[in-house]
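Q:
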Amino acid sequence: MTRPRADASGPAGEPAGPPRVEMTGIVKRFGDVVANDAADLALAAGEIHALVGENGAGKSTLMSVLYGLLSPDAGEIRVDGRPVTFRSPVEAVGAGMGMVHQAFRLFPSMTVAENVVYRAETRGTAGLLDRRAAVTAVQDLSERYGLKVDPRARVRTLSVGVLQRVEILKALHREAQVLILDEPTAVLTPQETRLLFDVLRGLRDAGRTVVIVTHKLGEVLELSDNVTVLRDGRTVARLVTGETTGAEIARHMTGRAVDLDGRYVPGAPAEAMLRVDGLTVGPPTGRPVVDDVSLSVRSGEIVGIAGVAGNGQVELLEAIAGLRPARSGSIRVGTVPVEALPAGRRREVGIAYIPEDRAATGSAVAASVADNLAVGFHRRSPLRRGWRLDRRAVRTHARQIIEHFDIKVSSPAVPAGTLSGGNLQKLVVGREMAHDAPVLLVDQPTRGVDIGAIENIHARLRAYRDAGHAVLLASAELSELMALSDRLLVMFGGRVVAEFARSEATEENVGLAMAGIPATASAQGAGA
Amino acid sequence: MTTPTAPPVATPAARVRGVLRSPVFLSVVGALLIGSVMLLGAGGNPIEAYAAMVEGAFGSTQWRNTLIVAVPVVGMALAVAVPLRAGVVNLGGEGQIVLGGITAAVVAATVPLPMPVSLVAALAAGALAGALLGTVPAVLENRLGVPLLVSSLLISYPVVAFASYLVRFPLRDPGTGLPQSRVFDEAYRMPVFAGVGLSALILLVVIVLVVQVDSRTPFGYEVRLTGHNRRFTEYAGVDVPRMVTRLMFTGGGIAGLVGAMVVLSVPYRYIDGALVVPGYTWTGLLAALLARAHPLGAVAAGVFFAALQVGGFGMERETEVPRELSSILQATVIVILAAAVAATARRTRKDRA
Amino acid sequence: MSVLAELVDASLIPSILRALTPILLAALGGAICAKAGVFNVGLEGFMLVGAFAAVAGSWFTGSAWVGVLAGMLAGAAMAALLAIASVRYGGDEIIVGIALNLLAVGLTAFLLRTVFGHQGTFTDPDLQGLPTILGQTPLTYLAWLLVPVLAVFLRRHVWGFRLQGVGEAPEAARSLGVDTTKYRYGAVLASGVLCGLGGAQLSLGNVVLFSHNMTAGRGWVAVVAVLLAQAAPFGVLLAALLFAAAEAFGFRLQGVGLPSQVAAATPYVLTLIALIVASLRARRALGRAPGEPPPSADRPPVANPAASSHVSLE
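Residue numbers (my numbering), protein chains in the order written: chain P, 769 to 1296; chain X, 94 to 446; chain V, 963 to 1276.
#1: List, in chain order, every chain P residue whose beta-carbon is nearer than 8 Å to that of phenylalanine 1123 of chain V.
#2: Give the straight-line distance between the Cα atoms of histidine 1237 of chain P and valine 1044 of chain P, rounded to the nearest whole angstrom.
#3: For serine 1048 of chain V, collect the residues of the same chain with a Cβ closer than 6 Å to its Cβ; drop the 5 residues on either side in sequence, then sort them by chain order.
#4: Please confirm whether leucine 171 of chain X and valine 252 of chain X have their CB atoms less than 8 Å apart.
#5: Below 8 Å, how does it come out for the stretch 1101–1113 of chain V and the stretch 971–990 of chain V: are there three or more Cβ pairs, yes or no?
#6: With distances taken from CA atoms, which of X:Leu226, X:Gln305, X:Leu247, X:Val181 is nearest histidine 78 of chain X?
#7: For a contact meaning CB atoms closer than 9 Å, what does alanine 1134 of chain V contact in chain A?
#8: Helix, strand or coil for alanine 163 of chain X per DSSP?
#9: Below 8 Å on the Cβ atoms is my guess for glutamine 1223 of chain V versus alanine 254 of chain X; work out the distance and round it to an integer in Å.
#10: Using a Cβ-Cβ cutoff of 8 Å, what residues of the stretch 303–320 of chain X are near chain P? List them in chain order.
#11: Give me the subset of the stretch 1068–1081 of chain V whose CB atoms are less than 8 Å from a CB atom of chain X, sorted by chain position.
#12: Closest to alanine 142 of chain X by CA distance: which of X:Val434, X:Val333, X:Gly407, X:Val304 is it?
#13: Would you identify the three-state DSSP class for isoleucine 1285 of chain P, choosing helix, strand or coil?
#14: Check this for me: beta carbons of isoleucine 248 of chain X and proline 230 of chain X, under 8 Å apart or not?
#15: Looking at C-alpha atoms only, which residue of P:Glu1276, P:Asp918, P:Ile1285 is the closest neighbour of glutamate 882 of chain P?
#16: At the level of alpha carbons, what is the spacing between alanine 1094 of chain P and aspartate 908 of chain P?
#17: From the DSSP output, in three-state form, read off lysine 796 of chain P for me.
#18: Leaving aside the five residues before and after valine 112 of chain X along the sequence, list all residues of the same chain whose C-beta is less than 7 Å from its C-beta, in chain order.
#19: Just checking: is the beta-carbon of proline 857 of chain P within a distance shorter than 8 Å of some beta-carbon in chain V?
#20: With a threshold of 8 Å between beta carbons, is valine 861 of chain P in contact with chain V?
#21: Curious, which full-length beta strand (DSSP E) runs of at least 3 residues does the stretch 1054–1090 of chain P contain?
#22: Measure from the alpha carbon of glycine 1029 of chain V to the alpha carbon of each residue in V:Leu1164, V:Val1273, V:Ala1210, then state which is nearest.
#23: With a cut-off of 8 Å, do at least 3 Cβ pairs link the stretch 1031–1045 of chain V to the stretch 413–423 of chain X?
#24: Any beta-carbon of chain V closer than 8 Å to the one on asparagine 1277 of chain P?
#25: Name, please, each residue of chain V whose Cβ falls closer than 8 Å to the Cβ of glutamate 141 of chain X.
#26: Taking only runs that begin and end inside the stretch 957–1041 of chain P, name each unbroken beta strand (DSSP E) of 3 or more residues, in chain order.
#27: Going by Cα to Cα distance, which pick from V:Ala1226, V:Ser1241, V:Ser1173 is closest to leucine 1069 of chain V?
#28: Determine the direct distance from the alpha carbon of valine 1188 of chain V to that of methionine 1009 of chain V, and round the result to whole angstroms.
#29: DSSP three-state label for glutamate 1248 of chain P, please.
#30: Hey, would you say leucine 350 of chain X sits closer than 8 Å to alanine 163 of chain X, going by beta carbons?
#31: To the nearest angstrom, report how far apart leucine 294 of chain X and threonine 159 of chain X are at their CA atoms.
#32: I think glycine 1185 of chain P touches alanine 1142 of chain P, with their Cβ atoms under 8 Å apart; what is that distance to the nearest whole Å?
#33: Check whether chain X comes within 8 Å of valine 1143 of chain P, counting only Cβ atoms and requiring the distance to be less than that.
#34: When the cut-off is 8 Å and only beta carbons count, does alanine 386 of chain X lie next to chain P?
#35: If we call anything under 8 Å between Cβ atoms a contact, is glycine 168 of chain X one with isoleucine 347 of chain X?
#36: How would you label serine 1136 of chain P, buried or exposed, when you count the other beta carbons within 10 angstroms and need 16 or more for buried?
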């Protein structure tokens, strides 16, 4: 078994001839927002290149430009020395680009082989699809690059790690020379990550160019040969991985020295406020998605739930909130059993919920900001007066939350959909916190919001805890959990498989538990 | 990005421009243009035809007819608009109006009651029958997952057939050869005060109630939000299935009431097809869609479409262009409107992206 | 015993086949749309306009085949309206479909009067109907043939393969460079052509006349058939067969003295019952007790990918 090592011994020196891809002076604006401001990037054949930066630094925009999803307002792209313009991903693919998006774009009911060959099929007679050729093509590719996958398996039955391999195969089937992976490890277990890294190294050694877009410094150091750092849409540094340090990259990313260990401030937990016992969720027959989960959260405590996406975290929170029927188990808020109550009554008893998707679930984007903020308050005083909903009170209520949570909006009357991602998230966070519920459920509170909003929301969550509330927080960002949680639970396959006090939790032992490996094996941390 | 944009200042000129660019205006103009093409094709003169239509709808004696037709059309527009406000399409109006009408007819034909108890009883029975029929598809969707859109439509066919059977056999007036009931007793005839029918007054009360609940109550607020995003209101703890049942009960009830009112008005008997053939249900449905479920808008759109309908007869008399042009115009408005609304929304999103 | 003999005999089969053809053709059209991710509720209107155009085409040229061609073109023209309003501009397909059904009623009535000078019904001894082979029109044979053809097309042909991808995950198809709009246009237009054929069968096959609103809900029955079969061609055939049998059987009931209203209502009642039974079974398969509300994220149990009773007013 190959042990992954921090490997910075990529091809030494500059290769002869023009770089495979050269992007210079790329500018891309969205309305008033400048996403890329004279960004540069050069990619050589046979390298793994890390494109790093904080959320909102313009990494995704730059890659979307390279993949033909966006057309730049200014700047030049050269491939093998020749200037090119990509008007669509198809043209980019034709020039040898391949992209693995963070959200996979697959057909769940089709097989792996069908997904791989879609729109690059081998045709038999009369335009009939040659499925056998598709299977063979996938087998060849997967053998050549060590991408283990069953070509005949239906995609909807596969785990996330395998889905990612399918996405890579799609690009390779189209003979991609440059393979771009957007946050490739966000959804993987440490084991799957190691497998992926082996595959990517194999591709590099076969002369392809691999770009990983990431903000995780560990990966950058472990995997890449060269690093390009973006900040505020601009290229601020180009580094050779072997000649730099994590601290230097981080300084370039943030423009200041950062404490890499997070900003955890301990809370002062009191008595248990939320108690869940033997909660099981799922169809009456078959595998439960939440399996016999017991947990408690005390007032003045943030309990984090770590886990690879899809291991029952969302279902657990929804079941506690009453949005998903539970098969068995009990849920108590304080001393009140709530498991038999519908969602609306649970809110009255004292559960607030910040959902994962602020636009699809957490708000009605076509309705006004005021209407969005009134939800949950609209059936009691002061918003309700007798049988009527007091419109003036609705506006006043909205202004209070807008002011208190610093939401940037011109008027409470504008549609919520006109807010930026960060401000819409603040709207949802503000509304749910304004309920002052003793129990707050939080799912992915800072997904896709800019760094300023992240810090703001983290501070709010700590303040909410310190006001004596119980917070149950699920997040895909281990660093977020580390920065906020007083205690950490790990979910795997619908069960809570490990629990850590904040002082015991490290990225290593939590990561192992996320992969379903018993916590006792924590001694074998990867090379420090 | 962080600088909030000021709300657009509404100068009169800007307001006019806003109206001219609004999807509703565009779609009405578009439909009239397409209608002109059809008129030319049929050998008519569009200007004359449309003028005849306006005259036929609002002329010195005509407006009264428009009002008479407007009552059931506006009523049926509300019967659709009430559930549509939450995004629920009630295609069962035909069954609901017919069941309301036949129920009122059965009460009138079999239960001798004094005025005004008689009318209250017949109208209430009709409304209740329509309401219960409207509830069935809601319950089927909530409990079994049967799509309400389709079940509400399908359930109408047996109901209409049943009413038709009743009036052809047990309720039939043996004195005439036609499929119609006997003329009702005096006690079961809707009175007319100073030229305004009681039906219109009752409808007015319904409109006021619907508008008040929609715009002033927490329930109306929840309904509107559900129309925007059903997942959101469910997440917020609203019992949406129960809301759908209530809305369908109300919508069906309004339709049943309309059926009862029409049947208890001139000529004071249930005539087979009298509630179906004039197409009140479908004209009302299109009006509700034109208003995009806004209650007062549905009233206005209902009056507009009723005027088109009645004006169509005038146009036919004057220019020999078939009155069916009216239905074509109504449906065309909705097709264009649906596209225009979506295109506008898309453009707004793109501006922001 | 004799009543039963009167209700069921060998001649019931041809009448079932006749009743089946229009529903089947329309439902196959609906199935193609469903596979492409378009919930097409305009089948009724496409069929009605097709029926009218078929009569007009046959009347003015003296050839039933020209009539069939006219029906196909007219169905496609109606479908083009759905394609433009919903696929191109993104208008809610349920709303547009309903409006097109109502447009079809008005339009055919209008044209019946302006073109033929008739109101309600048009027929004439000189109006050419479709020829029959062994008692059935060629369109009946075509409809049956189309079932396996469509099944093979969807399962084996590259275009059918891509079409299903467009319906299942349009984002994924688009990211690979498939023009989803083009495929959806194609599917919707194909459904128009098939509905036009169905309409021609109604007005030049089953009878030789056009009458006001003569489709009488068959397009909606086809919509239900698509839902029940989850758009699989052979399943669509089975569902359509069930309704056609109900229609033919309903007419027989009149023969034994039941009022004609029973006959008129039978297919719709049966359709509704089938829908309820299928929903119950689907729900049981999902392992949910009856009455337990589905989490909103779940699809309704009886569904094609695009079906939902809730429309968007945005």
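A virtual CB, placed ideally from N, CA and C, is assigned to each residue, including glycine.
These numbers were taken from a predicted model, which means no experiment stands behind them.
A: On the basis of the data shown:
#1: Glu882, Tyr886, Glu889, Leu897, listed in chain order.
#2: 16 Å
#3: Closer than 6 Å at the Cβ level, and outside the excluded window around serine 1048 of chain V, lie Glu1055, Val1058.
#4: no
#5: yes
#6: Given that chain X is displayed from residue 94 to residue 446, the structure contains no residue 78 of chain X and the question cannot be resolved.
#7: In the structure shown, chain A cannot be found, because the protein chains are P, X and V.
#8: helix
#9: 4 Å
#10: Arg309, Thr310, Pro311, Gly313, Tyr314, Glu315, Arg317, Leu318
#11: Gly1068, Leu1069, Ala1071, Phe1072, Arg1075, Thr1076
#12: X:Gly407
#13: coil
#14: yes
#15: For the residues P:Glu1276, P:Asp918, P:Ile1285, the minimum Cα distance to glutamate 882 of chain P belongs to P:Asp918.
#16: 45 Å
#17: strand
#18: Leaving aside the five residues that flank valine 112 of chain X on each side, the residues in its chain whose CB is nearer than 7 Å to its CB run, in chain order, Phe118.
#19: yes
#20: yes
#21: Runs found: 1058–1066, 1069–1074.
#22: V:Leu1164
#23: no
#24: no
#25: Under a criterion of Cβ atoms nearer than 8 Å, no residue of chain V is adjacent to glutamate 141 of chain X; the nearest Cβ is some 16 Å distant.
#26: Unbroken beta strand (DSSP E) runs of no fewer than 3 residues, entirely contained in the stretch 957–1041 of chain P, are found at 977–982, 994–999, 1002–1008, following chain order.
#27: V:Ser1173
#28: So the alpha carbons of these two residues sit roughly 16 Å apart.
#29: Helix.
#30: no
#31: 16 Å
#32: Rounded, the Cβ-Cβ distance is 17 Å, inconsistent with contact.
#33: yes
#34: no
#35: yes
#36: buried
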